[in-house]
Structures are given as structure tokens and as C-alpha cells.
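**Q** First residue of the sequence shown? That's 168 in this note's numbering, and the numbers climb one at a time after it. In this text, a Cβ means the ideal position worked out from N, Cα and C, and glycines have one as well. Small disclaimer: the values here were computed from a predicted structure and weren't measured.
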Amino acid sequence: MHQRFAHWGVFFLLSLTWGSSFILMKIGLEAFTSYQVASLRLVAAGIALCPFLPKAFKQVPVNKLPVIILSGILGNGIPAFLFCLAETEIDSSLAGILNALTPLMALLSGIILFKSPFKKAQLTGIFVGLMGVVLLFTAKGINTNSHWYYALLVILATISYGINISMVHHKLQGLSSLQLGSIAMFFCAVFTFPILWFSNFFPQFAQPDAPWRSLSAGLVLGVMGTGIAAVLFFLLIKRAGSMLASMVAYALPLVAVGWGLLAHETITWVQVLSMGIILLGVYLVNKASRAAAPAK
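1) With distance defined between alpha-carbon atoms, name the residue in 392, 288 and 266 nearest to residue 421.
2) Fully enclosed by the stretch 268-312, which alpha helix (DSSP H) runs are 4 residues long or longer?
3) Suppose you measure from the CA of residue 311 to the CA of residue 257; what does that come to, to the nearest Å?
4) Check this for me: beta carbons of residue 264 and residue 438, under 8 Å apart or not?
5) What does the Cβ neighbour count give for residue 462, buried or exposed, with the cut at 16 atoms within 10 Å?
6) Which of helix, strand or coil does DSSP assign to residue 462?
7) Inspect the beta-carbon positions of residue 223 and residue 383 and report whether they are closer than 8 Å.
8) So that I know if they touch, is there some Cβ in chain D lying closer than 8 Å to that of residue 185?
9) Am I right that residue 329 and residue 275 are in contact with their C-beta atoms under 8 Å? What's the rounded C-beta distance?
10) Are the beta-carbon atoms of residue 193 and residue 259 separated by less than 8 Å?
11) What residue from 289, 347 and 452 has the CA that sits closest to residue 225's CA?
12) Looking only at C-alpha atoms, which of 400, 188, 214 and 239 sits nearest to residue 351?
13) Sorted by chain position, which residues of the same chain lie with C-beta nearer than 7 Å to residue 452's C-beta, five sequence neighbours on each side aside?
14) With three or more beta-carbon pairs closer than 8 Å as the criterion, would you say the stretch 366-373 touches the stretch 197-205?
15) Relative to the C-alpha of residue 261, which residue among 318, 191 and 231 is closest?
16) Starting from residue 328, trace the alpha helix (DSSP H) both ways and give me its first and last residue.
17) Within 10 angstroms of its Cβ, does residue 428 collect 16 or more other Cβ (buried), or is it exposed?
18) If you drop the 5 nearest sequence neighbours on each side, which residues of the same chain put their C-beta closer than 6 Å to that of residue 283?
19) Provide the residue span of the alpha helix (DSSP H) that contains residue 236, from first to last.
20) Rounded to whole angstroms, what's the CA-CA distance from residue 443 to residue 299? Just pull it up for me.
21) What's the gap between the Cα of residue 231 and the Cα of residue 197?
22) For a test of the three-state rule: what should DSSP assign to residue 374, helix, strand or coil?
23) Is the CB-CB distance between residue 394 and residue 212 below 8 Å?
24) Mapping the DSSP letters down to three states, classify residue 366 as helix, strand or coil.
25) Around the C-beta of residue 341, are 16 or more other C-beta atoms found within 10 angstroms, so that it is buried, or is it exposed?
26) Quick one: grab the DSSP three-state call for residue 214.
27) When DSSP labels each residue in this structure, what does residue 187 get in the three-state scheme?
28) Which word fits residue 279, buried or exposed, when buried means at least 16 other C-beta atoms lie within 10 angstroms of its C-beta?
29) How about residue 399 and residue 181: are their beta carbons less than 8 Å apart?
30) Just checking my contact of residue 184 with residue 392 at CB under 8 Å: how many whole Å lie between their CB atoms?
31) Helix, strand or coil for residue 227, going by three-state DSSP, please let me know.
32) Please report the residue range of the alpha helix (DSSP H) in which residue 387 lies.
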């Protein structure tokens, strides 16, 4: 019983951590550019996971490093910049809702890129989820926001997430999330630190009105929302199984919408309905995946 409570504790902490990422990006954007917020997130995450880096380098085969670096770019680097750029024009709650497409994109990329077997019921789930997106765009995006197309950047980010998930599943089996995360985030930090250095980021803190609020949000976003979250996700999979870990996809947009309400963002019944349809699609895909899985 105690262990079950511990598992659910990790689940809720992970959902809160990842679900809060969208509002933290919004706070970071109050003072920084989208490129600075994304770079700060990746650099902070890389530093947070540095203690695990030496052991990971010793354990991971050298020939796997290029794939791990690519995994970091697809799973963290590209989405970080796309989400931040999108949130310069759309609400954080809308970004959180659209992020629920990630499991569907993972299935699609596996089918298209890696010829993974699938069932018709999984395709039904994908269709339902995409219908939710169409409803979200037609009712919320196009009618009320002249920059509705920025939401397409979030969809591109979920495609990048999905490709990475499929690639890790097919190309990086046997390596832990902690090993993958520490190495991938180290290289993401190395690649993006020059953006902070050459974009007039650090001189801002020599001014009397230094943007400490946005800096704090960016650091929490990187350390908790990217670095620590990767460790929690790994812990949840190892201790409680992939089924409970996959349920984060349902809780994350709910947390994002909750933060959006607290931040006085406009959230309509159409958005809530669209989120329900998208999550129904994710549920149908997960249900079909469990039914297709071989018994152990």
C-alpha cells in the first residue's frame, strides 16, 4: 500500500512538473526572447543532470552517441524553441492541450518511419485525436486569434517528440532514460549556450531592474520541467510500469489548463471539448496498444 502511494505521488509530481512548463515559458517570455527562454531551459537542464554525466559516458557505447545527440535535438532542443516561439502568440493552456498529441504522433512516426505493426483501432484513436485538433483550430484558433497559425508550431513540436520516442524505442533499447537524458541534455546545453552568450542575455542582470522573475521561471523550467522530470519519468517506468507512466499524457493538459485559468487566460467550452476529444483519441490508442501487446 505504501509503495502504491509512492508511485502515485511520483505520478502527480511529474504531471504537475510537466504541466507547469507551459505557464513557466509564458513567464520567461515576459522579459526574454523565445530563443533566450528555450536556451536557458536547455542549459539549466544540462547543468542539473551533470552529476549523472560521467557514469553515463562510461556505460554508453561510443557508437550510440550520435543517435543520443540526435535524440536530444528531436526530443528537447527543437521542441523547446518551437514551444517558446508559439507561446509568444498563443495561450499556455492551448499549448498544453495540443501537447496531448504526442502519443499519437509517436504511434504515427513508428508506423511511417520504422514500419511498426499497428491495429485498426489505433488508427481510429489517431483519427479521433486529430478531429479534436481540427475542432480546436476552427472554433478557437481561426475565429478569435489572428495569429492562430502559431499553434502549428506546437503540432510540429509534438511530431518531433513522436519521432524521438519511436527512435529511442527502436534504436536505443537497453539504455536508461537517465543515461540518455544526461548525455542528450549535455550536448543540448553546449549547442545552445552561445545563444545566451551572444544575445545580450547576461548584461540584463547588471541593471537595477533585472528580470529575476523571468530568470527564476526559466531555471525552474529547465531544472524541474526538463532535467528532474526526465529522472521522475524514468523512476515511474521502472517502479510502476509503463501503463501508469503513459497516463501522464492525460494529466498534463489538465494541469496546463488549470494554470491557464489561474493566469486569467481565456479558456472556452470549445477548448475543453477539444481537449476531451484529443484525450479520447489518446485513450483509444493506448487501449488498442495494450490489447495488441503480447502476454508476459
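**A** So, to answer that:
1) Residue mapping note: residue 421 aligns to position 254 of the sequence shown, counting from 1. Among 392, 288 and 266, the Cα nearest to that of residue 421 belongs to 266.
2) Counting whole runs of 4 or more residues, the stretch 268-312 contains the alpha helix (DSSP H) stretches 269-281 and 287-303.
3) Locating residue 311 in the sequence shown gives position 144, counting from the first residue. Locating residue 257 in the sequence shown gives position 90, counting from the first residue. In this prediction, residue 311 has a pLDDT of 49, which is less than 50 and means its spatial position is unreliable; what the coordinates show is noted afterwards. Roughly 11 Å between the two C-alpha positions.
4) What you label residue 264 is simply residue 97 of the sequence shown in a count that begins at 1. What you label residue 438 is simply residue 271 of the sequence shown in a count that begins at 1. Yes.
5) Here residue 462 refers to the residue found at position 295 of the sequence shown. The predicted model places residue 462 with a pLDDT of 46, which falls under 50 and marks its position as unreliable, so this point remains unresolved.
6) As a position in the sequence shown, residue 462 is number 295, starting the count at 1. Residue placement at residue 462 cannot be trusted, given a pLDDT of 46 that sits under 50; what the coordinates show is reported in the next sentence. In this structure, residue 462 counts as coil in the three-state DSSP scheme.
7) The count along the sequence shown starts at 1 and reaches residue 223 at position 56. The count along the sequence shown starts at 1 and reaches residue 383 at position 216. Contact flag unset, no.
8) Here there is only one protein chain, and chain D is not present.
9) The residue labelled residue 329 in the question sits at position 162 within the sequence shown. The residue labelled residue 275 in the question sits at position 108 within the sequence shown. Contact holds; Cβ gap of about 6 Å.
10) To locate residue 193, count along the sequence shown from 1; it is residue 26. To locate residue 259, count along the sequence shown from 1; it is residue 92. Pairing residue 193 with residue 259 gives a Cβ-Cβ distance under 8 Å.
11) Working through the sequence shown from its first residue, we reach residue 225 at position 58. Minimum Cα distance to residue 225 is reached at 347.
12) The sequence position of residue 351 within the sequence shown is 184, counting from 1. Here the closest residue by C-alpha is 239.
13) As a working note, residue 452 is residue 285 in the sequence shown. Hits under 7 Å: 270, 271, 274, 289, 292 and 293.
14) yes
15) If you number the sequence shown from 1, residue 261 lands on position 94. When only C-alpha atoms are compared, the closest one is 318.
16) Along the sequence shown, one-based indexing puts residue 328 at 161. Per DSSP, residue 328 belongs to the alpha helix (DSSP H) from 318-338.
17) For the purposes of this step, residue 428 is taken as residue 261 along the sequence shown, with counting starting at 1. Answer is exposed; the Cβ neighbour count stays below 16.
18) To locate residue 283, count along the sequence shown from 1; it is residue 116. These residues qualify, in order along the chain: 277.
19) As a position in the sequence shown, residue 236 is number 69, starting the count at 1. Segment 232-239, the alpha helix (DSSP H) holding residue 236.
20) For the purposes of this step, residue 443 is identified with residue 276 of the sequence shown, where counting begins at 1. For the purposes of this step, residue 299 is identified with residue 132 of the sequence shown, where counting begins at 1. Going from the Cα of residue 443 to the Cα of residue 299 covers about 8 Å.
21) Residue mapping note: residue 231 aligns to position 64 of the sequence shown, counting from 1. Residue mapping note: residue 197 aligns to position 30 of the sequence shown, counting from 1. If I take the Cα positions, the gap works out to 39 Å.
22) Counted from its first residue, the sequence shown places residue 374 at position 207. DSSP places residue 374 in coil when its eight states are reduced to three.
23) Numbered from its first residue, the sequence shown carries residue 394 at position 227. Numbered from its first residue, the sequence shown carries residue 212 at position 45. Their beta carbons are under 8 Å apart, which means residue 394 touches residue 212 by this criterion.
24) To locate residue 366, count along the sequence shown from 1; it is residue 199. Here residue 366 sits in coil by DSSP.
25) Translated into positions along the sequence shown, residue 341 becomes position 174. So residue 341 counts as exposed.
26) Here residue 214 refers to the residue found at position 47 when the sequence shown is read from its first residue. Helix.
27) Against the sequence shown, residue 187 aligns to sequence position 20. Residue state, collapsed to three classes: coil.
28) Mapped onto the sequence shown, residue 279 falls at position 112. Looking at its Cβ environment, which holds fewer than 16 other Cβ atoms inside 10 Å, residue 279 is exposed.
29) On the sequence shown, residue 399 is found 232 positions in, with the first residue counted as 1. On the sequence shown, residue 181 is found 14 positions in, with the first residue counted as 1. Result yes, Cβ atoms of residue 399 and residue 181 sit closer than 8 Å.
30) Start at 1 with the first residue of the sequence shown, and residue 184 comes out as number 17. Start at 1 with the first residue of the sequence shown, and residue 392 comes out as number 225. Indeed, because the Cβ distance is near 6 Å, the residues count as touching under 8 Å.
31) As a position in the sequence shown, residue 227 is number 60, starting the count at 1. Three-state DSSP puts residue 227 in coil, outside helix and strand.
32) For the purposes of this step, residue 387 is taken as residue 220 along the sequence shown, with counting starting at 1. Counting along the chain, the alpha helix (DSSP H) containing residue 387 begins and ends at 379-389.
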